[in-house]
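Since the structure comes first, as structure tokens, the remarks are kept for the end.
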């Protein structure tokens, strides 16, 4: 019984090898992921346009923001401005505050250089829309002690 | 035989896939499973979340979780209505209440050091010293003294014997011994 299995497996293997061999020889170009050819400017414009879409919903805003937070970069002020305006369109103030907090966190060790610049650039928009920065809300320092989730 | 095997494997795979699927909580814009509702209550599902499930976690690399932190109480619902108007008319307290309705902790809160490292260090040192004390206790009260052959005289005698037997004379110990001068080769 096992002999039959072995023999069949062997023949199956052989035939599959015979099939794949010419294919390998023919297709010398690899189908792998390509390096991104997008320039920084195109990237910024893409995300600005993404947040500027008139009928964007909260789901998509969160997706865009979360994606940006997963990347090795700090978003340009113009992206942040577009995102703030998108938050205004879906009426979610806390979303805007959270994104500013996340950007501050993205600045990492250069928070004293990059974050003031971004705030300075987006300040007119914040004033226009009435968005408070995390600092104005007192969120730059821990406000509440850690609640234990099991203490209820 | 092989056919049967593959068929069986296929059926198993399908079964397990179905089992996994039944347990996973599908989250979509088009209505949510009752199972999710028993867990999250009336909380609004506002995004995909970090793993496609309706759950909440404060994470720096994924700051916007799938659901809001608080259930919409009448207070919060009234604030939401007000939020639809001009944000400049919202007071700081209202803005903070809105933030806490959506998020559990601010960045500075969930990134604040917990001081847990102190207890970890303390426990590590405590158990390490406990082990050392155990070892000392065993040496003092349990083990017999080491055999005679561990003494220096016996060790010298043993080395002498190894050299006399010319053990490993090409690359080993005896190759380092000068038998003419009766000393180690310089």
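Protein chains in written order, with our numbering: chain A, 36 to 187; chain B, 191 to 376. For glycine and all other residues, C-beta sits at the position ideal for the given N, C-alpha and C.
For residue i, name the three-state secondary structure that DSSP assigns.
i                      : result
residue 293 of chain B : coil
residue 346 of chain B : helix
residue 252 of chain B : strand
residue 92 of chain A  : coil
residue 259 of chain B : coil
residue 235 of chain B : strand
residue 127 of chain A : coil
residue 175 of chain A : coil
residue 224 of chain B : helix
residue 107 of chain A : coil
residue 276 of chain B : coil
Just tell me which of the options has its CA closest to the CA of residue i.
i                      : options                    : result
residue 164 of chain A : A/67, A/75, A/131          : A/131
residue 265 of chain B : B/304, B/249, B/284, B/275 : B/284
residue 80 of chain A  : A/89, A/113, A/125, A/72   : A/113
residue 146 of chain A : A/175, A/100, A/72         : A/175
residue 139 of chain A : B/368, B/251, B/275        : B/251
residue 275 of chain B : A/119, A/124, A/117        : A/124
residue 303 of chain B : A/180, A/68, A/155         : A/180
residue 379 of chain B : A/73, A/98, A/167, A/76    : Residue 379 of chain B falls outside the range modelled here, since chain B spans only 191 to 376, and no answer is possible.
residue 353 of chain B : B/332, B/257, B/372, B/341 : B/372
residue 233 of chain B : B/249, B/248, B/307, B/263 : B/263
residue 102 of chain A : A/88, A/157, A/78          : A/78
residue 126 of chain A : A/90, A/39, A/72, A/73     : A/90
Is residue j closer than 9 angstroms to residue i when the C-beta atoms are compared?
i                      : j                      : result
residue 134 of chain A : residue 142 of chain A : no
residue 177 of chain A : residue 298 of chain B : yes
residue 149 of chain A : residue 115 of chain A : no
residue 277 of chain B : residue 128 of chain A : yes
residue 273 of chain B : residue 254 of chain B : no
residue 237 of chain B : residue 245 of chain B : no
residue 84 of chain A  : residue 117 of chain A : yes
residue 161 of chain A : residue 106 of chain A : no
residue 76 of chain A  : residue 282 of chain B : no
What does the Cβ neighbour count give for residue i, buried or exposed, with the cut at 16 atoms within 10 Å?
i                      : result
residue 291 of chain B : buried
residue 231 of chain B : exposed
residue 152 of chain A : exposed
residue 301 of chain B : exposed
residue 169 of chain A : buried
residue 213 of chain B : Because residue 213 of chain B carries a pLDDT of 47, less than 50, the predicted location of this residue cannot be relied on, and no value is offered for it.
residue 100 of chain A : buried
residue 355 of chain B : exposed
residue 346 of chain B : exposed
residue 258 of chain B : buried
residue 286 of chain B : buried
residue 326 of chain B : exposed
residue 86 of chain A  : buried
residue 296 of chain B : buried
residue 367 of chain B : buried
residue 256 of chain B : buried
residue 293 of chain B : buried
Is the Cβ of residue i closer than 9 angstroms to any Cβ of chain E?
i                      : result
residue 351 of chain B : Judged by its chain identifiers, the structure shown contains no chain E, and its protein chains are A and B.
Please name the residues in the segment 304-338 of chain B whose beta-carbon is closer than 9 angstroms to at least one beta-carbon of chain A, in chain order. 304
Residues of the segment 100-115 of chain A with Cβ closer than 9 angstroms to any Cβ of chain B, in chain order: 100, 101, 104, 105
Quick one: which residues of the segment 221-255 of chain B get their C-beta closer than 7 angstroms to a C-beta of chain A? List them in chain order. 236, 237, 238, 250, 251, 252, 253, 254
Which residues, taken in chain order from the segment 122-146 of chain A, show a beta carbon closer than 8 angstroms to some beta carbon of chain B? 123, 126, 127, 128, 129, 130, 132, 133, 134, 136, 137, 139, 140
Select from the segment 259-286 of chain B all residues with a C-beta closer than 8 angstroms to any C-beta belonging to chain A, and list them in chain order. 270, 273, 274, 276, 277, 278, 279, 280, 282, 285, 286
Name, going along the chain, the residues of the segment 357-370 of chain B whose beta-carbon falls closer than 9 angstroms to a beta-carbon of chain A. none
Between the segment 291-303 of chain B and chain A, which residues of the former have CB atoms less than 9 angstroms from a CB of the latter, in chain order? 291, 292, 293, 294, 295, 296, 297, 298, 299, 300, 301, 302
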